[in-house]
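Residue numbers (my numbering): 92 to 202.
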């Protein structure tokens, strides 16, 4: 079990990424990731937040990521775990799960 809770951040917007045909919206990705993590790693603590890159942004770090996405440096949704990019655009579960397991998460083998 990790000693500190990982921070999972999903940056995105309501509009689906133009390069991500048939991909879910950023908000859908946020909800899907949260459900998948809770299923695979029950009772393991983490923090998760969604940042709308077109909405009011509260801090400089989030504004920097939003600008980088808007400047096409990253596709959205952009997923970070503890400040490390683990997915962008069409997000896959495997890199997210690998990053969590590298931080000490233990999967529920019954899932």
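The beta-carbon is built from N, C-alpha and C at its ideal position, and this holds for glycine as well.
C-alpha gap between residue i and residue j, whole angstroms
i: residue 174; j: residue 125; result: 17 Å
i: residue 101; j: residue 197; result: 22 Å
i: residue 172; j: residue 107; result: 22 Å
i: residue 151; j: residue 133; result: 33 Å
i: residue 129; j: residue 149; result: 27 Å
i: residue 154; j: residue 143; result: 10 Å
i: residue 166; j: residue 182; result: 10 Å
i: residue 163; j: residue 199; result: 37 Å
i: residue 123; j: residue 158; result: 25 Å
i: residue 113; j: residue 135; result: 31 Å
Top-ranked residue by Cα proximity to residue i, from the options
i: residue 180; options: 161, 130, 128 and 150; result: 161
i: residue 120; options: 178, 191 and 146; result: 178
i: residue 186; options: 127, 96 and 118; result: 127
i: residue 147; options: 103, 167, 95 and 98; result: 103
i: residue 184; options: 116, 137 and 131; result: 131
i: residue 138; options: 170, 117 and 159; result: 170
Helix, strand or coil at residue i [DSSP, three-state]
i: residue 169; result: strand
i: residue 191; result: helix
i: residue 157; result: helix
i: residue 151; result: helix
i: residue 186; result: helix
N-terminal and C-terminal residue of the beta strand (DSSP E) that residue i is part of
i: residue 138; result: 138–143
i: residue 102; result: 98–103
For residue i, the first and last residue of its enclosing alpha helix (DSSP H)
i: residue 177; result: Not the alpha helix (DSSP H): residue 177 falls in the beta strand (DSSP E), residues 175–179.
i: residue 119; result: 117–131
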